[in-house]
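So the sequence shown is residues 1 to 350, counted in the UniProt record's numbering.
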Amino acid sequence: MNAIRPLRTATDLRDARLIDTDQMQAVDAVAARYAVAITPAMAALIDPSDPNDPIARQFVPDPAELTHLPEELQDPIGDAVHSPVEGIVHRYPDRVLLKAVHVCPVYCRFCFRREMVGPQGLGTLTPDAMDGAFAYIASRPEIWEVILTGGDPLVLSPRRLAEIMQRLASIDHVKVVRFHTRVPVVEPARIDEDLIHALKASGKATYLALHANHPRELTAAARDAIAKLVDAGIVLISQSVLLKGVNDDVETLAALMRGFVENRIKPYYLHHPDLAPGTGHFRLTIAEGQALVAALRGRISGLCQPSYILDIPGGHGKAVVSSASIADQGGGCFTVTNFRGEEHAYPPTV
Ligand SMILES: *Cc1c(COP(=O)(O)O)cnc(C)c1O
Ligand code: SF4
């Protein structure tokens, strides 16, 4: 199979042997509701003979997506309540999201913004809306960091990215620009000199949070793209989503986090899956997530430890949700649990 463009339709998926003819109708029904795209790089990574392939599970539509549960929300992390002007989400005092674009090179089946992204989604900000977003940032001296997300900001051309970066460069109080993207993994050929140059155009510190969920995503081409970014002085951090059937076992998570560190990416966040519509088949319980994260501690290097994070529904922000390793016993005494699960008194009893 030599796909040269993204797979978007049931026919594309059937021709690539990622689904059978008898699954086409169900895939069409999902595609009518949620955007579908699989880049050639990701399609090539799928083993069509494995019904549980973790890459396929992330990108190939599943009829289970049409099952909506009562607790699921159109806007699971409450972007809308914190959006003062179009394209900006301002939840924390010192940083804003700038959502310049609502398309992605791939569409993840568990996407938390699935009601906003895609060809039928909120599109790209108009020049007027862009002006409004920059005016907002410029008028708030407390904004120290601008986080470009979406959608995937790296689908924009280097020319448009450089334009955004130059506008941010002219705002003194903005010191850090962060990109949240899947591009270095799902479309590594986009990471070329022009794009890297554009990302650095502001002269500010540029951070890039790379979204990947399975160690197989770190292909040779992805590792090359990552190395180019790091060599250019861009700081890479990771974000992953804990997903049932993709990475919900200790070996896979350990390999993923080590893969990040080996490629000079500091593990940052491991997200508990959000309550996005039609994603119940990906969700595990918080207790299951806590057990997985606890098992990583001590087993792999401290460099490889992500923070286990829940975005509280309703727009209340992120919280660390790993199980506590310390319990307050009163009177200044604590019980601390080590990586083997052994409890120790602090201060030690004499
Ligand atoms: C997740 C998020 C951020 C970034 O949070 P960090 O903890 O700094 O990574 C900023 N603003 C909004 C609205 C967010 O949802
Ligand atoms: S790349 Fe991010 S925004 Fe785009 S579909 Fe995947 S999770 Fe959603």
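Ideal Cβ placement from N, Cα and C applies to all residues, glycine included.
If you measure from the CB of residue i, is any heavy atom of ligand 2 nearer than 7 Å?
i	result
residue 104	yes
residue 245	no
residue 108	yes
residue 333	no
residue 211	yes
residue 152	yes
residue 117	yes
If I'm right that residue i touches residue j with Cβ under 8 Å, what's the distance once you round it to whole angstroms?
i	j	result
residue 109	residue 166	Wrong, their Cβ atoms sit about 36 Å apart, outside the cutoff.
residue 181	residue 152	5 Å
residue 301	residue 267	Not really, about 10 Å apart at Cβ, beyond 8 Å.
residue 278	residue 66	6 Å
residue 289	residue 242	5 Å
residue 82	residue 95	Actually they are not in contact, since the Cβ atoms of residue 82 and residue 95 sit about 12 Å apart, beyond 8 Å.
residue 234	residue 208	5 Å
residue 284	residue 248	6 Å
residue 228	residue 196	6 Å
residue 161	residue 198	4 Å
residue 93	residue 142	5 Å
Quick one: using the 10 Å Cβ neighbour count with 16 as the cut-off for buried, is residue i buried or exposed?
i	result
residue 314	exposed
residue 188	buried
residue 112	buried
residue 101	buried
residue 1	Residue placement at residue 1 is flagged as unreliable, the pLDDT there being 47, under the threshold of 50; a coordinate-derived value is accordingly withheld.
residue 9	exposed
residue 128	exposed
residue 52	exposed
residue 346	exposed
residue 344	exposed
residue 201	buried
residue 331	exposed
residue 174	buried
residue 35	buried
residue 211	buried
residue 273	buried
residue 179	buried
For the candidate residues the options, whose alpha-carbon lies nearest to that of residue i?
i	options	result
residue 380	49, 64, 174, 132	The first residue shown for the chain is 1 and the last is 350, placing residue 380 beyond what the model contains.
residue 106	306, 186, 192, 174	186
residue 250	171, 294, 275	294
residue 206	193, 230, 223, 191	230
residue 47	217, 4, 144	217
residue 32	79, 273, 119	119
residue 30	245, 142, 60	60
residue 70	133, 325, 276	276
residue 191	257, 25, 156	156
residue 264	200, 223, 333, 283	223
residue 303	272, 257, 339	257
residue 163	183, 149, 130	130
residue 321	306, 260, 227	306
residue 333	350, 339, 341, 340	350
residue 42	317, 77, 296, 220	220
residue 183	38, 98, 271	38
residue 215	199, 261, 198	261
residue 269	78, 308, 114	308
residue 154	297, 11, 103	103
residue 55	49, 45, 292	45
residue 79	18, 236, 99	99
residue 85	126, 49, 27, 240	126
residue 76	97, 317, 340	317
Report whether the distance from the Cβ of residue i to the nearest heavy atom of ligand 1 is below 7 Å.
i	result
residue 89	yes
residue 272	no
residue 77	yes
residue 204	no
residue 98	no
residue 159	no
residue 137	no
residue 318	yes
residue 147	yes
residue 92	yes
residue 140	no
residue 95	yes
residue 197	no
residue 82	yes
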